[in-house]
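Inspection log for the structure reproduced underneath, given as structure tokens.
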Amino acid sequence: MSKKSEGKEDIRCDDPALTRRDFISLAGVGGAAALGVGMLASAPAQAVTAVKNSHKTMGVAGGKTEGWTNTFNPASTNPLYPPRDAPKPGEKIQEFEIELGISVHEILPGVKIHGFTYNGTYPGPEIRVTEGDWVLVHFKNNSPEFHTIHWHGIMVANEMDGVPNGTQWGVGPGQTFKYLFRAQPSGTHFYHCHNMTNLHVQAGMFGSLIIEPKDDLVRRVFPYTREYTLLLNEVDTVRVEREMEEMVRMMGSMQKMNESPKLMREMNGRMMGWFVDKKAFVEAVKSGYIPPYVSSRRGQNPTPNFNYFLINGKSYPMTDELLIRSGENIRVRLVGAGAMSHFMHLHGHDFWHVAQDGAPLAAPVRLNTVAVHPGTTTDIIIQGTNPGMWHFHDHSDLSTTNNGVFPGGMMTMLMYEDASEHGVKVPEIVQVSS
Ligand SMILES: [Cu+2]
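Just so we're aligned, residue 5 is where the sequence shown starts under this note's numbering, counting upward by one.
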């Protein structure tokens, strides 16, 4: 578990003392950081409000949002806290431990892949902190490949950005790297590996990073007690399996050839095509260096052929439902963690698009379908106005399949817990069809 730490700390990466620690789980210090895996229902159901009165409870009347005062201000993109500051004595540090390993992940009954998993889960655990908190992550690499963690959308100091052979050396097998940053800006964000990103994200190296604002405009205007985080990505299971096997074989022989971490890092840089500058790269090619894109074993089929489309690591019907009650607002945080755009559509309702990339919009937008592009996050509020069981899915129909067969993929259900009280009658087959 995490150790408690307060006040200024001398942050040294690749500290050999850290590599001997036993990393098992990711946890916040002092219970202040709420953690969950994948879809998170953060609180019990709130009191039921009869659906006929529900419009009075939602902070919305006449099609306009009341109390939404988010005026345009260019300075709002400036960091609230100097990103290069260090923790001052007495400042609290939220500390987390993330251990990377190879484990088997089951997308659906009968469909398993080998994954790179943070603390054994696909996707990794949710990190949830409050804006302004210091965040210290001990990232221990227990896999035979190099990795980093990139804090997507976070205003970190340059050295903490997690770009391998760019802002840091890749974190090698058995090594630990300490990431330290202040949580800003607030909102829905995520983290992911930045080494061989396409493969490593498919293999599971991503997770949500929720930074709670001190004053939440979304919650003020749309009071809610339950929320869900949906990380969207897609996988070419054939490629992931093939590349993971190849990677383990290759890295195993490299380690046998040379146990020197320094040489390993340099060899990895060469293999990946990283150089100190463009001139060195051009000179190396002139001298006979063959870049990886020339020697690629992928041949004429360079693009992944995605065959599974995941919400929090699972495909329908194994995706978790969104639970709601009549008159309730729920907040849904959608994260475009993969390589494809997805177009999330809700049946039977309009919803409010309230935030994008973490920041509240200048005005909420009423939609029934919202695009979630790679690298973006989208927050929506669903109002419990129409009891029943409703599909919520990517409207790009390719993504509602499992290995080419409908139904499946990026689909879940908005389930009213009180649907039967309102006379809704649907056959059981609608609840889970596969
Ligand atoms: Cu990685």
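Quick reminder that beta carbons are idealized off the backbone N, C-alpha and C, glycines included.
- Query: Is valine 120 near ligand 1, in the sense that its beta carbon is under 7 Å from a heavy atom of that ligand?
  - Reply: Note that residue 120 is phenylalanine in the sequence shown, not valine. Answer for phenylalanine 120: yes, Cβ within range of ligand 1.
- For ligand 1, is there a heavy atom less than 7 Å away from the beta-carbon of glutamate 103? False, no ligand heavy atom lies under 7 Å from that Cβ.
- Message: For the structure I just gave you, are there three or more beta carbon pairs, one from the segment 165-183 and one from the segment 78-89, closer than 8 Å?
- Response: Segments in contact, no.
- Query: Heavy atom of ligand 1 less than 7 Å from the Cβ of histidine 204, yes or no?
  - Reply: At a threshold of 7 Å, histidine 204 counts as near ligand 1, since its beta carbon sits closer than that to one of the ligand's heavy atoms.
- Does the beta-carbon of valine 242 have 16 or more other beta-carbons within 10 angstroms, so that it is buried, or is it exposed? Exposed: under 16 other Cβ atoms inside 10 Å.
- Item | Beta carbon of serine 190 nearer than 8 Å to that of glycine 362 | Contact: yes.
- DSSP on glutamine 179, reduced to helix/strand/coil? Assigned with DSSP and collapsed to three states, glutamine 179 falls in coil, not helix or strand.
- Item | Own chain residues within Cβ distance below 7 Å of arginine 370, not counting five before or after | The beta carbon of arginine 370 sits closer than 7 Å to the beta carbons of Asp354 and Trp356 from its chain, once the five residues preceding and following it are set aside; these are given in chain order.
- Run of the alpha helix (DSSP H) containing glutamine 206, from where it starts to where it stops: Note, glutamine 206: alpha helix (DSSP H), 201-206.
- May I ask whether a heavy atom of ligand 1 can be found less than 7 Å away from the beta carbon of methionine 164? No - ligand 1 has no heavy atom lying nearer than 7 Å to the Cβ of methionine 164.
- Message: Once the 5 residues before and after tyrosine 126 are set aside, which same chain residues still bring their CB inside 6 Å of it?
- Response: The answer, listed in chain order, is His109, Gly119, Gly208 and Gly317.
- Query: Hey, is glutamate 287 close to ligand 1, as in C-beta under 7 Å from one of its heavy atoms?
  - Reply: Look at glutamate 287: its beta carbon is at least 7 Å from all of the heavy atoms in ligand 1.
- Item | Straight-line Cα distance separating leucine 104 from threonine 404 | Their backbone Cα atoms lie some 30 Å apart in a straight line.
- Query: Under the criterion of a Cβ to heavy atom distance below 7 Å, does asparagine 199 qualify as lining ligand 1?
  - Reply: In this structure, ligand 1 has a non-hydrogen atom nearer than 7 Å to the beta-carbon of asparagine 199.
- Message: For a test of the three-state rule: what should DSSP assign to arginine 88, helix, strand or coil?
- Response: In the three-state scheme derived from DSSP, where H, G and I count as helix and E and B as strand, arginine 88 is classed as coil.
- Query: Got a sec: does ligand 1 put a non-hydrogen atom nearer than 7 Å to the Cβ of histidine 151?
  - Reply: The answer is yes for histidine 151.
- Cβ-based burial, glycine 34 [other Cβ within 10 Å; buried from 16]: Note that glycine 34 has pLDDT 34, beneath the 50 cutoff, so the model's placement of it is unreliable and the number below is only indicative. With fewer than 16 neighbouring CB atoms inside 10 Å of its own CB, glycine 34 falls in the exposed class.
- Query: Between which two residues does the alpha helix (DSSP H) carrying glutamate 287 extend?
  - Reply: 282-290 is the extent of the alpha helix (DSSP H) around glutamate 287.
- Using DSSP with H/G/I as helix, E/B as strand and the rest coil, what is serine 424? The three-state secondary structure of serine 424, taken from DSSP, is helix.
- Helix, strand or coil: how does DSSP classify threonine 404 here? Secondary structure of threonine 404 (DSSP, three-state): helix.
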